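K.L.:
Heads up: the sequence shown runs through residues 19 to 202, numbered per our numbering.
Starting off with a structure, shown below.
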Amino acid sequence: MTGVSQTNNHVVGDQAARDINKALLVLPLSPTAIAELNDQYLAETAEQRNLDQCIDELNHFRFSLPYAQKDLSTKLVEGSRQLEIEEALFLKEKITKRILVLSKSPAAQLILSFALGKLKQSYLHKVFPQIQAGASHALVNQTLYDEVLVPVSQFLEMNPLNLSEEDLKAMVYFLAGNCHISWS
19 MTGVSQTNNH
29 VVGDQAARDI
39 NKALLVLPLS
49 PTAIAELNDQ
59 YLAETAEQRN
69 LDQCIDELNH
79 FRFSLPYAQK
89 DLSTKLVEGS
99 RQLEIEEALF
109 LKEKITKRIL
119 VLSKSPAAQL
129 ILSFALGKLK
139 QSYLHKVFPQ
149 IQAGASHALV
159 NQTLYDEVLV
169 PVSQFLEMNP
179 LNLSEEDLKA
189 MVYFLAGNCH
199 ISWS
């Protein structure tokens, strides 16, 4: 640096023979207690709205529709599927318990709701028309697997709930037992 002489200067403000570096220090204001509580309340209500929506979505499938008059066994008998009754009741009970355990998580509730909704719609559009047309059990079962269970399994992508194709079939019985779909 070359020598710089500064004498007899009258300065108001800054004076330098080279660079002046000024760092602006901004101290954050502490939020007030009420501001923190307001933020907490807004976050809680947003979470509660999301949880309520999840619960409503899942409950739509968990409870029988108002016009439900027949149990799953009766529906299977009417659909000439008596040989499936024992397995269907076992699987329906198994998935009902699993749904109950998973219902503690809002994300799991939404995944289950989406899976149940997709199963229902796929069944109604692919399988039920075959049942109404009098298709053989073999054809109905193959369509159920190919056009409902496999696509829904793929729909779940990474499947963090580890829902197997048997679980998805159990959900079909669950839907039938709650009068969302029919076997006859």
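In this text, a Cβ means the ideal position worked out from N, Cα and C, and glycines have one as well.
Being a predicted model, the structure only gives us computed values, none of them experimental.
CB-CB under 7 Å to L181, same chain, minus the five flanking residues each way: which ones, in chain order?
P.N.:
If we look at L181 and ignore the five residues flanking it on each side, its Cβ neighbours are A133 and L174.
K.L.:
With a threshold of 16 other CB atoms inside 10 Å of the CB of M189, please say whether the residue is buried or exposed.
P.N.:
So M189 counts as buried.
K.L.:
Could you tell me whether the Cβ atoms of L98 and H155 are closer together than 9 Å?
P.N.:
With the sequence shown as reference, residue 98 is identified as Ser, and Leu is not the correct amino acid for it. Going by C-beta atoms, S98 is nearer than 9 Å to H155.
K.L.:
Can you tell me the Cβ-Cβ gap for V170 and L137, rounded? I've got them flagged as a contact below 8 Å.
P.N.:
The pair is a contact, with the Cβ atoms about 5 Å apart (cut-off 8 Å).
K.L.:
Excluding the 5 residues flanking E102 on each side, which residues of the same chain have their C-beta closer than 6 Å to its C-beta?
P.N.:
Here the set comprises L94.
K.L.:
Assuming L167 and E183 form a contact by the criterion Cβ under 8 Å, report the distance between their Cβ atoms to the nearest whole angstrom.
P.N.:
That pair is a contact at about 5 Å.
K.L.:
Would you decide whether R36 is buried or exposed? Buried here means 16 or more other CB atoms lie within 10 Å of its CB.
P.N.:
With fewer than 16 Cβ atoms within 10 Å of its Cβ, R36 is classed as exposed.
K.L.:
For K40, does the three-state DSSP call read helix, strand or coil?
P.N.:
K40: coil per DSSP, three-state reduction.
K.L.:
In whole angstroms, what separates the C-alpha of A151 from that of K122?
P.N.:
Roughly 41 Å between the two C-alpha positions.
K.L.:
In angstroms, rounded to a whole number, what distance separates the CA positions of L107 and L186?
P.N.:
Looking at the two C-alpha atoms, the distance is approximately 14 Å.
K.L.:
Just reading off the alpha helix (DSSP H) that K136 is part of, what are its end residues?
P.N.:
Segment P124 to S140, the alpha helix (DSSP H) holding K136.
K.L.:
For L118, which of V30, T25 and L179 has the nearest alpha-carbon?
P.N.:
For L118, the nearest C-alpha among the options comes from L179.
K.L.:
Mapping the DSSP letters down to three states, classify P178 as helix, strand or coil.
P.N.:
Three-state DSSP puts P178 in coil, outside helix and strand.
K.L.:
If you run the structure through DSSP and keep just helix, strand and coil, what is K88?
P.N.:
Of the three classes helix, strand and coil, the one that applies to K88 here is coil, per DSSP.
K.L.:
Kindly indicate the opening and closing residues of the alpha helix (DSSP H) around R99.
P.N.:
Element bounds for R99: n/a, residue is neither H nor E.
K.L.:
Look up L196 in the DSSP assignment and say whether it is helix, strand or coil.
P.N.:
According to the sequence shown, residue 196 is Asn rather than Leu. Correct three-state label for N196: coil.
K.L.:
Please look up how many angstroms separate the CB atoms of L109 and Y191, rounded, as I've assumed it's under 8 Å.
P.N.:
That pair is a contact at about 5 Å.
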